[in-house]
Each structure stands twice: as C-alpha cells, then as structure tokens.
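Below is one structure; the comments refer to it alone.
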Amino acid sequence: MAGVVVMNMSFKVGQTLTVTGVPNADASNFAINIGNSKDELALHMNPRFDAHGDSRAVVCNSFHGGNWCEEHREGGFPFNLGEEFKILMTFTKEEFEITLSDGSQIHFPNRLGGEKYIYMHFEGDVRIHGVVVK
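If you're matching positions, the sequence shown starts at -7 in our numbering and goes up one per residue.
This is how it looks when you write it as structure tokens:
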C-alpha cells in the first residue's frame, strides 16, 4: 500500500484535524483515509481531478465489513494542480464535518459511530505537508 500511513495518532470527537498538502502537477486523484485500520475506514475522502468517471469532484465513502458503502458527493472543488490546499476536519458520533480551502463544507455520516480513530492513510497523487490534530 503506497502513500503515508499514520498509526496510533488519536483523533477524537471535539478535536480538529488539519491537513495541508499539494496535489502533483499531473494528479488524477488522491485520498485521505481515517478509521481504525485499512479495513475499517470511517472516512475515505477522494478529491478527483479526473478519475473513476468523475471530473473535479470530491467523493467521500466508508469501508467496513470488506465492502465500500454508498458514495457521497458534496462541497466545492477548491483543489488545483501544484497548489497548496488546507482541509479542516472535525467529527461527532453522527458525522464528519469537513471544511475545504474555499470555505465550502462536506457533511459525511460517521457510519462507524466511533468517538476516536487511530489510523490515517494518505495516498495518491499528492504531497502531504502537514497533519495536525488539536
């Protein structure tokens, strides 16, 4: 599995996760995964420049029990090739609230219902510069 994996970094209800990075100049898509393990993802956030039949869309999903769940599309697409982005995430037992660089928001259900997640995985055509939990 390529990309950057962060294990045992606790991300709890009430905290804010800030992710900064730069999509590669030729990026098709990248993903930010949050959950308990690679097989239990509460949030798979996949900004797609041009991938899987989507163009300039942010697709969110969750993965558990060996299956992907229902895809969720919402929010703007403030990502540009080679330009830094900043994503802020908070969550409750009910949902993830994601704020993108342009101020648009995504509300994605916390389908696993966890109050703490310890696994993060960043993959695809992106260089991650910062991961901060406060």
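Even glycine gets a Cβ: it sits at the ideal position worked out from N, Cα and C. As the structure is a computational prediction, the values presented were derived from the model and not from experiment.
Using the three-state DSSP reduction, which class does residue i fall into: helix, strand or coil?
{"i": "Pro70", "result": "coil"}
{"i": "Asn21", "result": "strand"}
{"i": "Lys4", "result": "strand"}
{"i": "Asp31", "result": "coil"}
Might you give, ordered along the chain, the residues of its own chain that have their beta carbon closer than 8 angstroms to the beta carbon of residue i, omitting 5 neighbours on each side?
{"i": "Pro70", "result": "Phe77, Leu92, Ser93, Asp94 and Ser96"}
{"i": "Arg40", "result": "Ser20, Asn21, Asp46, Ser47, Arg48, Ala49, Val50 and Val51"}
{"i": "Gln7", "result": "Thr82, Val125 and Lys126"}
{"i": "Gly67", "result": "Val50, Ile90, Leu92, Ser96, Gln97 and Ile98"}
{"i": "Glu107", "result": "Lys4, Val5 and Lys85"}
{"i": "Gly122", "result": "Thr10, Val11, Thr12 and Gly13"}
Under 7 angstroms Cβ to Cβ from residue i, same chain only, skipping five residues before and after it: list those, please.
{"i": "Met1", "result": "Ile110, Met112 and Val125"}
{"i": "Phe114", "result": "Gly(-5), Val(-4), Ile24 and Ile120"}
How many angstroms separate the CA atom of residue i from the CA atom of residue j?
{"i": "Ser29", "j": "Lys85", "result": "18 angstroms"}
{"i": "Leu35", "j": "Glu75", "result": "24 angstroms"}
{"i": "Ile26", "j": "Gly13", "result": "16 angstroms"}
{"i": "Asp129", "j": "Met37", "result": "This structure cannot speak to residue 129, because the chain is shown only from -7 to 126."}
{"i": "Val(-2)", "j": "Leu9", "result": "13 angstroms"}
With distance defined between alpha-carbon atoms, name the residue in the options nearest to residue i.
{"i": "Ala43", "options": "Met(-1), Phe100, Val5 and Asp18", "result": "Asp18"}
{"i": "Arg65", "options": "Pro101, Val50, Val123 and Asp31", "result": "Val50"}
{"i": "Cys61", "options": "Leu73, Asn72 and Arg103", "result": "Arg103"}
{"i": "Asn72", "options": "Phe3, Pro15, Leu80 and Ile98", "result": "Pro15"}
{"i": "Met81", "options": "Ile120, Glu115, Phe3 and Asp117", "result": "Phe3"}
Given residue i, which residues of its chain have a CB within under 6 angstroms of its CB, disregarding the five upstream and five downstream residues?
{"i": "Glu63", "result": "Val51 and Asn53"}
Throw me the rounded Cβ distance for the residue i and residue j pair, which I believe falls under 8 angstroms.
{"i": "Val5", "j": "Ile24", "result": "Contact doesn't hold; Cβ gap of about 18 angstroms is too wide."}
{"i": "Glu32", "j": "His56", "result": "5 angstroms"}
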